[in-house]
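Take a look at the structure below.
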Amino acid sequence: MDTLGIVVEETHGIAAGAFTKIVEIVAPSSAVAGATVAVTIKIKNTYTSTIGVSAVGVRDSVDRFIDWPSYNIPAGATHSFSGSFTMPNSACIIHAYSYYYGTDSAWHFDDEMAKNVSLSEVFEGTISKKELEYDGSRANIPAYDIPENNRGLVHIWGRNDMSDAQRMGIWWQVKDPDGVARETYAAWETWPYTGGGSTHEFIGGRFDLDKPGIWTIAVQLFMNPSDQVVVDDYYGNLCTVKSAIPEPTFRNFGVTDYSKR
Amino acid sequence: MNGRIYSVESLMENISVAPPGKLQAMLGDTVRVTLKVEYMGPAIDGQIHVAFGIKGTIFNEDSGKQATIPISFNQENAYKWYTFLADVYIGGPTGTDYDLYAKIMSVPGSDIFTPYYMNMLDVLGEPTFRNFTITDYSKI
Numbered sequence: 272m273d274t275l276g277i278v279v280e281e282t283h284g285i286a287a288g289a290f291t292k293i294v295e296i297v298a299p300s301s302a303v304a305g306a307t308v309a310v311t312i313k314i315k316n317t318y319t320s321t322i323g324v325s326a327v328g329v330r331d332s333v334d335r336f337i338d339w340p341s342y343n344i345p346a347g348a349t350h351s352f353s354g355s356f357t358m359p360n361s362a363c364i365i366h367a368y369s370y371y372y373g374t375d376s377a378w379h380f381d382d383e384m385a386k387n388v389s390l391s392e393v394f395e396g397t398i399s400k401k402e403l404e405y406d407g408s409r410a411n412i413p414a415y416d417i418p419e420n421n422r423g424l425v426h427i428w429g430r431n432d433m434s435d436a437q438r439m440g441i442w443w444q445v446k447d448p449d450g451v452a453r454e455t456y457a458a459w460e461t462w463p464y465t466g467g468g469s470t471h472e473f474i475g476g477r478f479d480l481d482k483p484g485i486w487t488i489a490v491q492l493f494m495n496p497s498d499q500v501v502v503d504d505y506y507g508n509l510c511t512v513k514s515a516i517p518e519p520t521f522r523n524f525g526v527t528d529y530s531k532r
Numbered sequence: 580m581n582g583r584i585y586s587v588e589s590l591m592e593n594i595s596v597a598p599p600g601k602l603q604a605m606l607g608d609t610v611r612v613t614l615k616v617e618y619m620g621p622a623i624d625g626q627i628h629v630a631f632g633i634k635g636t637i638f639n640e641d642s643g644k645q646a647t648i649p650i651s652f653n654q655e656n657a658y659k660w661y662t663f664l665a666d667v668y669i670g671g672p673t674g675t676d677y678d679l680y681a682k683i684m685s686v687p688g689s690d691i692f693t694p695y696y697m698n699m700l701d702v703l704g705e706p707t708f709r710n711f712t713i714t715d716y717s718k719i
């Protein structure tokens, strides 16, 4: 930290934030236990010339995840100091501190800010089965060689992998071989919700499988309607549709000419 | 007309694609018949049978004036015109007012028939000569 060379005349009795201002702590307001929480502390130089500034970020006064990096910040400019920590199994507080480098070759505390990070519930669910219904038949998705001009109907099962009942939601979109959206479906299940370990079947609307080629589907399974979380997804082929070859048919058979050779 | 009288309606019923008028041929000639049909379906092979004869209650084919040719169709998802040529050797007896028909056979389902084309062919015998002599001569 003595490599900066830019110093500020030390002023005794100066109040915190005299030369710097912590503008923002960029971090999520909630995170699940064990997740990596990325944090950026933005510090502005409020002095009239460049000063050496250092930042410290501490989680719950326990984990110093931004550990005194320093930077010469030009007058009026803002610099970002970044780090991360692992979310504990409880809510926590991020403390941010700024320091300036004084003429006494020492770092002096200047400003501080704090931000709460609440603990998110972990939602766990699985798209447990996917089927395509057509012409009275069903096939697992991706399905193959579906005859052209059938009516398609998608069935998706979501499984609640948590111990208590959860309300599950679904969204999917079917696209034809030309990339045109042919069916979009979204729904939250109605009461009673799905118990732990159980599944719920979502059934969409019918659509025409009227183009040969590869049809695709994008599926997302949700939980927690108030702050919806994608717990599983599928992006891939719905089915392949093969051309419908008509039965042999003839018409207008006739003699148009005849002559001696 | 070989003693038969046809109503306009019956003629219209029997002839949907009108070939040119009556043809005269001699024994030993070959008559080329052009046939057209629209086809839709999988790729298949079959045959076309063409016959001259006399249509009464049934069509009495003349075994000396008929031909059978192999045909093939590609896979077609919509109707497509196909044209075929059948060369019919004219043998058998001479006669007039022969009728004509053709059928597609050896394909899935029943045979497909053209309309009956009535009085389409007269068949003459080979030219013959006899008693060729000089009967007189004089100065002119």
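Those protein sequences? They're chains A and B, same order as listed. Numbered per this note's numbering, the first sequence spans residues 272 to 532. Numbered per this note's numbering, the second sequence spans residues 580 to 719. All residues carry an ideal CB built from backbone N, CA and C; glycine is no exception.
Problem - Selection of the region 692-709 of chain B by Cβ proximity to chain A, strictly under 9 Å - result: F692, T693, P694, Y696, M699 and L700
Practice task
Closer than 7 Å by beta-carbon distance: list the chain B residues that pair up with Y529/A, in chain order.
Solution key: P598, L602, V610, R611, V612 and T613
Practice task
Tell me, please, whether the region 610-625 of chain B touches the region 642-653 of chain B by the rule of three or more beta-carbon pairs shorter than 8 Å.
Solution key: yes
Exercise for the section: With a threshold of 7 Å, establish whether the CB of D375/A neighbours any heavy atom of the ligand COA. Expected result: This structure does not include the ligand COA; it has no bound ligands of any sort.
Exercise for the section: Could you tell me the distance, in whole angstroms, from the CA atom of A489/A to the CA atom of L424/A? Expected result: 14 Å
Exercise for the section: Provide the residue span of the beta strand (DSSP E) that contains P340/A, from first to last. Expected result: D334 to I344
Handout entry: Three-state class that DSSP yields for P463/A in the structure shown
Key = coil
Exercise for the section: Find the nearest neighbour of A326/A within the set A306/A, T319/A, S389/A and H366/A, judged by alpha-carbon distance. Expected result: H366/A
Problem - Beta bridge counterpart(s) of G396/A as assigned by DSSP - result: N431/A
Practice task
Quick one: give me the first and last residue of the beta strand (DSSP E) that L664/B is part of.
Solution key: E655 to Y668
Practice task
Measure the C-alpha to C-alpha separation of H350/A and T374/A and round it to an integer number of angstroms.
Solution key: 22 Å
Exercise for the section: Could you tell me whether any Cβ in chain A is nearer than 8 Å to the Cβ of Q654/B? Expected result: yes
Handout entry: Validate contact between the region 388-405 of chain A and the region 290-307 of chain A using beta carbons, cut 8 Å, 3 pairs
Key = yes
Exercise for the section: Starting from the beta carbon of Y677/B, find every residue of chain A whose beta carbon is closer than 7 Å, and list them in chain order. Expected result: Under the 7 Å cutoff, chain A gives no residues; its nearest Cβ is about 11 Å from Y677/B.
Practice task
Report yes if the CB atom of Y661/B is closer than 8 Å to the CB atom of Y680/B, and no otherwise.
Solution key: no
Handout entry: Rounded C-alpha distance that separates G380/A from T321/A
Key = One point to set straight first is that residue 380/A is Phe, not Gly, in the sequence displayed. Going by the C-alpha atoms only, they are around 17 Å apart.
Problem - Span separating the alpha-carbon of W443/A from that of T461/A - result: 18 Å
Problem - Beta-carbon proximity of G328/A to G354/A, cut-off 8 Å - result: yes
Exercise for the section: Sort D406/A, P345/A, I312/A and G429/A by Cα distance to P418/A and report the nearest one. Expected result: D406/A
Exercise for the section: Express the C-alpha separation of P517/A and S497/A in angstroms, rounding to a whole number. Expected result: 52 Å
Problem - Neighbouring residues, chain B, relative to I485/A (Cβ below 7 Å) - result: Correct list: empty, because the minimum Cβ distance to chain B is about 19 Å.
Exercise for the section: Using beta-carbon positions only, say whether F524/A and I637/B come within less than 8 Å of one another. Expected result: no
Practice task
Can you pull the chain A residues whose beta carbon is under 8 Å from the beta carbon of D666/B, in chain order?
Solution key: R532
Problem - Residues of the region 500-525 of chain A whose Cβ lies closer than 9 Å to any Cβ of chain B, in chain order - result: S514, A515, I516, P517, E518, P519, T520, F521, R522, N523, F524 and G525
Exercise for the section: Decide if E280/A is buried, meaning its Cβ has at least 16 other Cβ atoms within 10 Å, or exposed. Expected result: Per-residue confidence for E280/A stands at a pLDDT of 41, beneath the threshold of 50, marking its modelled position as unreliable; the derived number appears in the next sentence. Exposed, since its Cβ has fewer than 16 Cβ neighbours within 10 Å.
Problem - As assigned by DSSP and simplified to three states, the class of S685/B - result: coil
Handout entry: Which of helix, strand or coil DSSP assigns to S300/A
Key = coil
Practice task
Going by DSSP, name the residue or residues bridged to I623/B.
Solution key: F652/B
Problem - E472/A, enclosing beta strand (DSSP E) - first and last residue - result: T470 to I474
Exercise for the section: Name, please, each residue of chain A whose Cβ falls closer than 7 Å to the Cβ of M619/B. Expected result: P517 and T520
Handout entry: I713/B in three-state terms, based on DSSP
Key = coil
Handout entry: is_contact[P687/B, chain A] using C-beta, thresh 8 Å
Key = yes
Exercise for the section: Quick one: give me the first and last residue of the beta strand (DSSP E) that K482/A is part of. Expected result: No beta strand (DSSP E) holds K482/A; DSSP gives it neither H nor E.
Problem - Simplified DSSP state of V310/A, which is helix, strand or coil - result: strand
Problem - Residue interval of the beta strand (DSSP E) (run including E383/A) - result: W378 to S391
Problem - Host beta strand (DSSP E) of I322/A (start-end) - result: I322 to R330
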